[in-house]
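Those sequence lines, one after another, are chains A and B. Sequential numbering from 142 applies to the first sequence in this note's numbering. Sequential numbering from 142 applies to the second sequence in this note's numbering. Beta carbons: idealized from backbone N, C-alpha and C, even for Gly.
There are 2 protein chains.
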Amino acid sequence: MISGKLKSKLAGGSAIRKMFEEGNRLKAIYGAENVYDFSIGNPDLEPPKEVFDALKELALNPVPGMHGYMSNSGYESTRAIIAEKRSKESESGVKVDAGAICMTVGAAAAMNDVFHSILDDGDEVILLAPFFMEYIGYVENHNGKPVIVDTDSKFMPDISKIEAAVTAKTKAIVINSPNNPSGVVYSKELLCSLNEMLLKQDHVIHVIADEPYIDLAYDGVKVPSVLDCFKNLIVCFSWSKSLSLPGERIGYTLVSPNHEDYEDLTAAIVLSNRTLGSVNAPAIWQRVIEKSLYAKVDVSNYEYRRNLLYSNIVDAGFDAVKPSGALYIFMNTPNGLTDQEFADICAKQNLLVVGGKSFSRPGYCRLAFCVSEVSIKNSRKAFFKVAEELGLKHRAEL
Amino acid sequence: MISGKLKSKLAGGSAIRKMFEEGNRLKAIYGAENVYDFSIGNPDLEPPKEVFDALKELALNPVPGMHGYMSNSGYESTRAIIAEKRSKESESGVKVDAGAICMTVGAAAAMNDVFHSILDDGDEVILLAPFFMEYIGYVENHNGKPVIVDTDSKFMPDISKIEAAVTAKTKAIVINSPNNPSGVVYSKELLCSLNEMLLKQDHVIHVIADEPYIDLAYDGVKVPSVLDCFKNLIVCFSWSKSLSLPGERIGYTLVSPNHEDYEDLTAAIVLSNRTLGSVNAPAIWQRVIEKSLYAKVDVSNYEYRRNLLYSNIVDAGFDAVKPSGALYIFMNTPNGLTDQEFADICAKQNLLVVGGKSFSRPGYCRLAFCVSEVSIKNSRKAFFKVAEELGLKHRAEL
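Right under this line is the structure:
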């Protein structure tokens, strides 16, 4: 009695969800402090003070109609200040105006709005593995076909591989930098080369930049503005991580003023935002954002925990690309083990990870470092024990 | 470069949106107080005090994690108290528990979640005309096919007509009472007969009760609990009208515990809520609802304005079924005029209405009475002038 497509998805379940349940089982047996659960990427910092202050101010000084409908694209004043910020961030002087922006119920709704707006049945969307597993559902919701192209051993896109995957049906490519799950940040040069290749094709290919992690970069790495890199660009943004508001569902879409189909596309996204059921982004969070747009969570705290977890991994003897951003380390499974074999060995030490297969990149596993400092510190011995069991040579003392 | 389906929808535009623009044009010429704009159904009462108090309390006493992720179905405590309320409202003792409920980004997202969960390509959904025009988009978003069945001259469903429209592909029927645009409330007897007919069919047909207006009933009319009427029931609820929170996007789905496919369906809706991009309903509004669930906007205020507008219409000489609920009067176009002809004559008196064609019921027009009392009072002379132009006999003094 439910949709056939959904039935098979329900049967498959979610690998992350399964780890979540395994985690609860282990915590019940060994105590929460003795289970090192790196499986869930739940941003755990509190929102910055500016957010709490703005919410308080709004709650204490209600104005008539503040919880009512507004335009489906959101408040003009909120969109204008975001447009101003994005314009300032562009080094090449790309000017964004409020009309380019549609406020959305987070980046997930933004991506659904965008795919609904651009995809005809069977249109292809290129996804660069490893990628956030939900992308496949987002594309398929709107009758699109995901086309998976692998990145190199440092998780960097290979332009010629991408070009080889382009067909007459290719409608879009998704770019996610800082990347979930690899944590890598793409350089401006790389993104500009990708743009050049795309513009050489004989039809427009939209670049969808999914940017929930844009404010989470470490080691002084600067994430380039995609406005400076791409012509036919659509940004999907969320404050889930930048302001630690994942439960409140607030984000936006932005169409580059240089996009060849700017007028139709901005109108189509607003229409999709309405008909897909969001109607508009929550009014109060649009108002909070307007008051706290330049605030950020304490990124150095995430950086500190990344360092701790990364040291555990490499000191124990494992290999991993050090992430420059986001909330994850995507480490190689050692000794040619499959994801599952490695995850099972880890679980014996109460160490929970998600296999790379869930991100369309087997032979790896993802560890989220947005878990407590204590848990990361205590997990060090578990990493060392797993390494010993696998005959790996430690690179430092326990 | 945008989806072909969207392209044609954008070209068509929205009749209500066009009236909105016409209204702005007229207001610029004649002044806002001299334009009687009944085209938009924007609930204009402020939320009740309990809502403001709850928001203030939350803003002044933040607790860690209150803006973070929760289960995709929403907070257990919020769902439990809603379940309790719905159980109490059932006269036949249907017991709802928290697991039946998934918190959503309003009723529009709820309906998209439901259609995504139940529809396979080409599945049919019966809609009873007149109906809220967005239903067609909601069904088509998920590759379903709307099948329109007319109601009678009092806008009441005709069970035998509905039965005649059932095919092997019929997956669901949408019930909306109090109804937009007609304002009628269906009786318990009628709904139970519909249930009986549906259960006689040789496959399950889901009943989707879209209930945004359930708390807006007048003249002491009691809206029956659909839990007492239907077996294979899915409710889509929103607080947009009950608590006047349309801009905040908060509602829920509820699957009847008697539904034949309860387990799969509740799981599928939560999955759809995630993958369609809502992920979860805004955290803060779930918490506000928990604290103000039994509050309601001042319904008597809407009733008063309904009375004013209804008197204008019938006193001038027009015919309309008096609405027992919702925010609209759905009046007959006189003298066999088409919707457009009648709307044009009204517009000459600065009186803005939406043609019934937009609700799949030509020969009528919808007037929203959630506009200012002054505007409704001042519009009386415009109704009388239109009536005179059409040679109708007044039933009362101006």
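Exposed or buried, which one is residue i when buried takes at least 16 other CB atoms within 10 Å?
i, result
"A:N202", "exposed"
"B:P353", "buried"
"B:H344", "exposed"
"A:Q342", "exposed"
"A:V494", "buried"
"B:V204", "exposed"
"B:N421", "buried"
"B:S433", "buried"
"A:K146", "buried"
"A:R390", "buried"
"A:I170", "exposed"
"A:L539", "exposed"
Quick check on this structure: which residue in the options has the alpha carbon closest to the alpha carbon of residue i?
i, options, result
"A:A134", "A:H344, A:D369, A:Q342, A:A305", "The requested residue 134 of chain A does not occur in the structure, where chain A is confined to residues 142 to 539."
"A:A247", "A:Y469, A:G392, A:E431, A:V438", "Reading off the sequence shown, one finds Gly at residue 247 of chain A, where the question assumed Ala. Closest by alpha carbon: A:G392."
"A:S501", "A:P322, A:V376, A:K190", "A:P322"
"A:A306", "A:E265, A:N336, A:L340, A:D293", "A:E265"
"B:V429", "B:M160, B:E163, B:S218, B:L493", "B:S218"
"B:Y443", "B:E187, B:L412, B:L196, B:S366", "B:E187"
"A:C243", "A:C487, A:N336, A:A409, A:E530", "A:A409"
"A:Y210", "B:Y210, B:Y279, B:P319, B:P387", "B:P387"
"B:R521", "B:L450, B:P503, B:K534, B:A169", "B:L450"
"B:I206", "A:S214, A:F193, A:V204, A:M207", "Here residue 206 of chain B turns out to be Gly, not Ile, going by the sequence shown. Among A:S214, A:F193, A:V204, A:M207, the Cα nearest to that of B:G206 is on A:F193."
"A:V364", "A:S379, A:S381, A:P319", "A:P319"
"A:I470", "A:Y359, A:K197, A:V290", "A:Y359"
"B:D238", "B:T245, B:S228, B:E232", "B:S228"
"A:V527", "A:A200, A:P475, A:T479", "A:P475"
"B:V82", "B:M297, B:C377, B:G278, B:S397", "This structure cannot speak to residue 82 of chain B, because chain B is shown only from 142 to 539."
"B:N183", "B:L384, B:S233, B:E281, B:N175", "B:L384"
"B:W426", "B:A195, B:N317, B:D293", "B:A195"
"A:S397", "A:W380, A:V367, A:D356", "A:V367"
"B:F273", "B:G496, B:E191, B:L492", "B:G496"
"A:I222", "A:K168, A:S233, A:P271, A:Y435", "A:Y435"
Looking at the unbroken alpha helix (DSSP H) that takes in residue i, where does it start and where does it end?
i, result
"A:V411", "403-416"
"B:T219", "217-230"
"B:Y276", "275-282"
"B:G392", "From DSSP, B:G392 is part of no alpha helix (DSSP H) but of the beta strand (DSSP E) over 392-396."
"A:C333", "329-341"
"B:Y445", "440-457"
"B:C487", "480-489"
"B:F256", "247-259"
"A:I181", "It is not in any alpha helix (DSSP H) - A:I181 carries neither H nor E in the DSSP assignment."
How would you list, in chain order, the residues of chain B whose beta-carbon sits under 9 Å from the beta-carbon of residue i?
i, result
"A:D343", "Per Cβ cutoff of 9 Å: no residues; A:D343 is ~13 Å from chain B at best."
"A:M142", "I259, K312, H344, V345, H347, N373, H400, E401, D402, D405, L406"
Can you pull the chain A neighbours of residue i, defined as C-beta to C-beta under 9 Å?
i, result
"B:K150", "A409, L412, T416"
"B:G153", "Residues of chain A passing the Cβ test: none, with the nearest at roughly 10 Å."
Which first and last residues belong to the beta strand (DSSP E) in which residue i is found?
i, result
"A:A270", "265-270"
"A:H347", "347-351"
"B:K363", "B:K363 -> no beta strand (DSSP E), and no H or E assigned at all."
"B:K286", "286-291"
"B:K312", "311-316"
"B:F378", "374-379"
"B:C506", "505-509"
Determine the chain B residues that contact residue i at a beta-carbon separation under 8 Å, and present them in chain order.
i, result
"A:I314", "Result: empty, since nearest Cβ-Cβ is about 14 Å, beyond 8 Å."
"A:D460", "The contacting residues do not exist; A:D460 stays about 31 Å from chain B at best."
Using a cut-off of 7 Å between C-beta atoms, extract the partners of residue i located in chain B.
i, result
"A:E275", "T416"
"A:L386", "H208"
"A:P203", "F193"
"A:A309", "Residues of chain B passing the Cβ test: none, with the nearest at roughly 14 Å."
"A:A200", "L196, K197, A200"
List the residues of chain A whose Cβ lies closer than 7 Å to the Cβ of residue i, in chain order.
i, result
"B:A241", "In chain order: nothing, as chain A lies at least about 15 Å away."
"B:V420", "G247, A249, R390"
Quick check on residue i - is its C-beta less than 8 Å from some C-beta in chain E?
i, result
"B:G497", "The chain labelled as chain E is not found among the protein chains of the depicted structure, namely A and B."
Whose Cβ in chain A lies nearer than 8 Å to the Cβ of residue i?
i, result
"B:G145", "D261"
Tell me which residues of the region 183-197 of chain A have at least one Cβ-Cβ distance to chain B shorter than 9 Å, keeping chain order.
Listed by position, the residues of the region 183-197 of chain A near chain B (Cβ gap below 9 Å) are N183, P184, D185, E187, P188, V192, F193, L196, K197.
Compile a chain-ordered list of the residues in the region 247-260 of chain B whose CB is closer than 8 Å to at least one CB of chain A.
Within the region 247-260 of chain B, the qualifying residues are G247, A249, A250, A251, M252, N253, D254, H257, S258, I259, L260.
Contact list for the region 206-224 of chain B against chain A, Cβ threshold 9 Å
If the cut-off is 9 Å between Cβ atoms, the region 206-224 of chain B has G206, M207, H208, G209, Y210, M211 near chain A.
Give, in chain order, every residue of the region 422-434 of chain B whose Cβ lies closer than 8 Å to some Cβ of chain A.
Those residues of the region 422-434 of chain B that come within reach of chain A (Cβ to Cβ, closer than 8 Å) are A422, P423, A424, I425, W426.
Cβ-based contacts, 8 Å cut-off: residues of the region 165-185 of chain B near chain A
So the list reads N183, P184, D185, given in the order they occur along the chain.
Under 9 Å (Cβ pairs) to chain A, residues found in the region 508-519 of chain B
With the criterion set as a beta carbon lying under 9 Å from some beta carbon of chain A, the region 508-519 of chain B has no members that meet it.
Going along the chain, which residues of the region 327-341 of chain A sit with their C-beta nearer than 7 Å to a C-beta in chain B?
So nothing in the stretch comes that close.
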